[in-house]
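Chemist: Can you keep this structure in mind? I'll have questions shortly.
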Amino acid sequence: MKWKHVAEHWTAFVPNILEEWPQLDEDEVQATEGDLSSFLDHFVDATGMTREDARDELSEWLQGTDPADAVMDESRDNERIIASSRDIHPGEDPFDDDGEFGDDDKDENPVGRTDDD
1 MKWKHVAEHW TAFVPNILEE WPQLDEDEVQ ATEGDLSSFL DHFVDATGMT
51 REDARDELSE WLQGTDPADA VMDESRDNER IIASSRDIHP GEDPFDDDGE
101 FGDDDKDENP VGRTDDD
């Protein structure tokens, strides 16, 4: 993940940042509004790390997966809806009846029985 992505969805990521680094002040983190330089200034002040070490730690955090609550934040709904179009098979119309694609008309086997019984 890139910092640009975090900055664009800043409010969704703030809780995860505070969980990762509880020594940071929530108001100060919010006030940076995703600006990397401002955030690093606060990070260095709050943790006592050098700016280089702070940048390295932040880079490590960015390499992790997106936290589920940040991914599911409602501010990212449109982004996820648009991305879901990549999962539609070429030639398939999203408004087609799903019954045409599955086995909806086939009765289920009773529990414990197979077609071979």
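Quick note on the UniProt record's numbering: the sequence shown kicks off at 1 and runs consecutively. Positions of the beta carbon are idealized from the N, C-alpha and C atoms, including for glycine. Since the structure is predicted, the reported quantities are computational estimates derived from the model, not experimental observations.
(1) Please work out which residues of its chain come closer than 6 Å, Cβ to Cβ, to A70, disregarding the five sequence neighbours upstream and downstream, and give them in chain order.
(2) According to DSSP, simplified to helix, strand and coil, what is V111?
(3) Within 10 angstroms of its Cβ, does F95 collect 16 or more other Cβ (buried), or is it exposed?
(4) Using beta-carbon positions only, say whether W10 and G34 come within less than 7 Å of one another.
(5) From D97, A7, L58 and E92, pick the residue whose C-alpha is nearest to that of Q30; which is it?
Modeler: If we stick to the structure as given:
(1) As a first step, residue 70 must be located in the sequence shown, where it is residue number 70. Contacts found: A12, F13 and N16.
(2) Translated into positions along the sequence shown, residue 111 becomes position 111. Coil.
(3) Here residue 95 refers to the residue found at position 95 when the sequence shown is read from its first residue. Classification for F95: exposed.
(4) Walking along the sequence shown from the start, residue 10 turns up at place 10. Walking along the sequence shown from the start, residue 34 turns up at place 34. Between W10 and G34, the C-beta spacing is below 7 Å.
(5) Residue mapping note: residue 30 aligns to position 30 of the sequence shown, counting from 1. Looking only at D97, A7, L58 and E92, the smallest Cα-Cα distance to Q30 is reached by A7.
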